[in-house]
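According to UniProt numbering, the sequence shown is numbered sequentially starting from 1. For every residue, glycine included, the Cβ atom is placed at its ideal position computed from N, Cα and C. Here the structure comes first, spelled out in structure tokens, and everything after it is commentary.
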Amino acid sequence: MKIKKALKGNFLKSIVTLTSGSIVAQLITLLAAPILTRFYSPKELGVYALVLTAESLFASVICGRYDVSIVSEADEEKIYPIVKVCFFITILFSMLASAGYGIYLFNRENPYDDSISIVFFIFVMLFLSGFIKIAESYNNRYKEYKVMTSVYVLRTSIQNVGSIILGFLKSGVLGLLMPHALGLIFGLKRQTKTLANNKEKIVNSSINQMYNVIKLHYRQPLYSAPAVFANRFSYSSIGLFVESMYGLTVLGFYWISYKALGLPLTVMSNNIAKVFYQQASREFDSTGRFKKSFNKTSLFLLIIAIPMVLALYFLAPPAFKIVFGDGWEQAGVYVKILAPMFGIRLIVNTVSYGLQVARKQSIELVLQLLFVVASILCFLIAKSYGFNIENYLKSITISFSIGYIIYYFYVMRCAYIKR
């Protein structure tokens, strides 16, 4: 009875709206993946993975995390200068991040043939990602979940269908990059329809108003952005370390396994996190804590995580051989090793927004740095002792799982203590 009561109402309705679209989008991705592995080599997928690593690493902080404040800010009039601040930061950071990653690519021992094209696509992806983040935050503030869902399905469809068509035409890595960038453009007009109605308020926001919101939400770039960057780096660095120790082909196998493990995070965690953050923010405003939102979200995710981990652990290797073709069962072995950690991550990533609600961004940064340290230590140990890829991934699973458990209990403490 308590479970039914905890999961009823707007919370579950909002989650169903968001996840229904994500499920459709991920089904498209699942159907496309076996075709892509037959059109593109593991090495080509490995290069694509390096580009997505840059997008994942920088897009999460492309607005300096001020986009998060669009959801939590109580004063409606302060939203518009925040949006304007996000626009300017997006433009600046897109240029800096793509240039920095370009320096990394050009200074490798064996530079890629299409390095210039890769840098261009990284800039375009980051620039568009900034606009998408602003739009998503505005949609989330006003619970426009149907818009978010339909746009996500459209983008995923364009990206996957485009990659298949260009793969059939033997377009190489560019056959993966072009549809990915193009897909980000689709749906932007619909997603920004409500926001566009307030275009004059955004444009007319003064420098003084922008300065005031920058100062008011200073914790976002000072603590939250480095924390999120640290979180993304801890995972992105795994791909970079895999390529460094085992080569692009192994990275291609790892990328497919990571993509498969990322499906539950995309379908569930990312969408539930939006609902949790919106409801926890309102609960915190009225009661000084977010215990109720934290408990029902944790319970809901636990019910999902346990069967998910068991299914991945026992079924992944044979399933990958059947679905992706001969030779790809190795990616299923990687999934089996990483599944327990990803199950814990599913829960913790979602409720981690509680630190934003409680304004504990400085602690968030410290906790996220644990994963960066763990990633680097695992790499150094694996390189020193000559670990094979399986043992390296086992060390990642153990160390990251411990970090997530520590993280979860601290968020729980913040949820229970009244401010």
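Could you please give the first and the last residue of the uninterrupted alpha helix (DSSP H) stretch that includes residue i?
| i | result |
| --- | --- |
| residue 358 | Careful: residue 358 lies outside any alpha helix (DSSP H) and carries neither H nor E. |
| residue 270 | 270-287 |
| residue 65 | Note, residue 65: premise wrong, no alpha helix (DSSP H); not H, not E. |
| residue 309 | 291-324 |
| residue 180 | 174-185 |
| residue 332 | 329-351 |
| residue 204 | It is not in any alpha helix (DSSP H) - residue 204 carries neither H nor E in the DSSP assignment. |
| residue 77 | First-last for residue 77: undefined, no H or E at that position. |
| residue 402 | 389-416 |
| residue 170 | Segment: none, residue 170 is in no alpha helix (DSSP H) and carries neither H nor E. |
| residue 190 | 188-191 |
Kindly indicate which residue of the options has the alpha-carbon position closest to the one of residue i.
| i | options | result |
| --- | --- | --- |
| residue 289 | 148, 412 and 30 | 412 |
| residue 356 | 126, 123, 166 and 222 | 222 |
| residue 260 | 103, 107, 59 and 342 | 342 |
| residue 132 | 352, 195 and 74 | 195 |
| residue 241 | 392, 399, 327 and 407 | 392 |
| residue 324 | 253, 281, 181 and 359 | 253 |
| residue 269 | 352, 284, 313 and 337 | 352 |
| residue 55 | 383, 340, 379 and 237 | 237 |
| residue 283 | 210, 66, 65 and 74 | 74 |
| residue 373 | 390, 396, 358 and 383 | 396 |
| residue 293 | 26, 126, 281 and 102 | 281 |
| residue 29 | 95, 162 and 81 | 162 |
| residue 115 | 104, 61 and 34 | 104 |
| residue 172 | 225, 258 and 37 | 37 |
| residue 96 | 273, 26 and 126 | 126 |
| residue 86 | 68, 149, 148 and 243 | 68 |
| residue 130 | 418, 314, 65 and 106 | 65 |
If we ignore side chains and look at the alpha-carbon of each, how far apart do residue i and residue j end up?
| i | j | result |
| --- | --- | --- |
| residue 91 | residue 199 | 18 angstroms |
| residue 319 | residue 220 | 42 angstroms |
| residue 279 | residue 40 | 43 angstroms |
| residue 416 | residue 286 | 14 angstroms |
| residue 63 | residue 377 | 30 angstroms |
| residue 363 | residue 128 | 30 angstroms |
| residue 136 | residue 229 | 19 angstroms |
| residue 403 | residue 203 | 43 angstroms |
| residue 360 | residue 250 | 39 angstroms |
| residue 186 | residue 154 | 7 angstroms |
| residue 214 | residue 169 | 48 angstroms |
| residue 191 | residue 387 | 47 angstroms |
| residue 227 | residue 138 | 22 angstroms |
| residue 53 | residue 118 | 12 angstroms |
| residue 80 | residue 201 | 6 angstroms |
| residue 24 | residue 16 | 12 angstroms |
| residue 83 | residue 358 | 22 angstroms |
| residue 275 | residue 306 | 21 angstroms |
| residue 145 | residue 27 | 19 angstroms |
| residue 410 | residue 166 | 47 angstroms |
| residue 384 | residue 338 | 22 angstroms |
| residue 70 | residue 140 | 9 angstroms |
Any heavy atom of the ligand MN inside 7 angstroms of the beta-carbon of residue i?
| i | result |
| --- | --- |
| residue 65 | You won't find the ligand MN in this model; it holds no ligand whatsoever. |
Could you check whether the Cβ of residue i sits closer than 8 angstroms to any Cβ belonging to chain D?
| i | result |
| --- | --- |
| residue 364 | Although the question refers to chain D, the structure presented lacks it and comprises just one protein chain. |
Mind the definition here: the segment 38-52 touches the segment 173-186 only if three or more C-beta pairs lie below 8 angstroms; say whether that holds.
A contact exists between the segment 38-52 and the segment 173-186.
Quick check on the DSSP output: what are the complete alpha helix (DSSP H) runs of length 4 or more inside the segment 98-165, in order along the chain?
115-141
Would you call the segment 347-356 and the segment 289-298 in contact, with 3 or more CB pairs under 8 angstroms?
These segments touch.
Would you mind listing the beta strand (DSSP E) stretches within the segment 221-271 that are 3+ residues and don't spill past its ends, in chain order?
none
Whole runs of the beta strand (DSSP E) within the segment 16-53, excluding any shorter than 3 residues:
none
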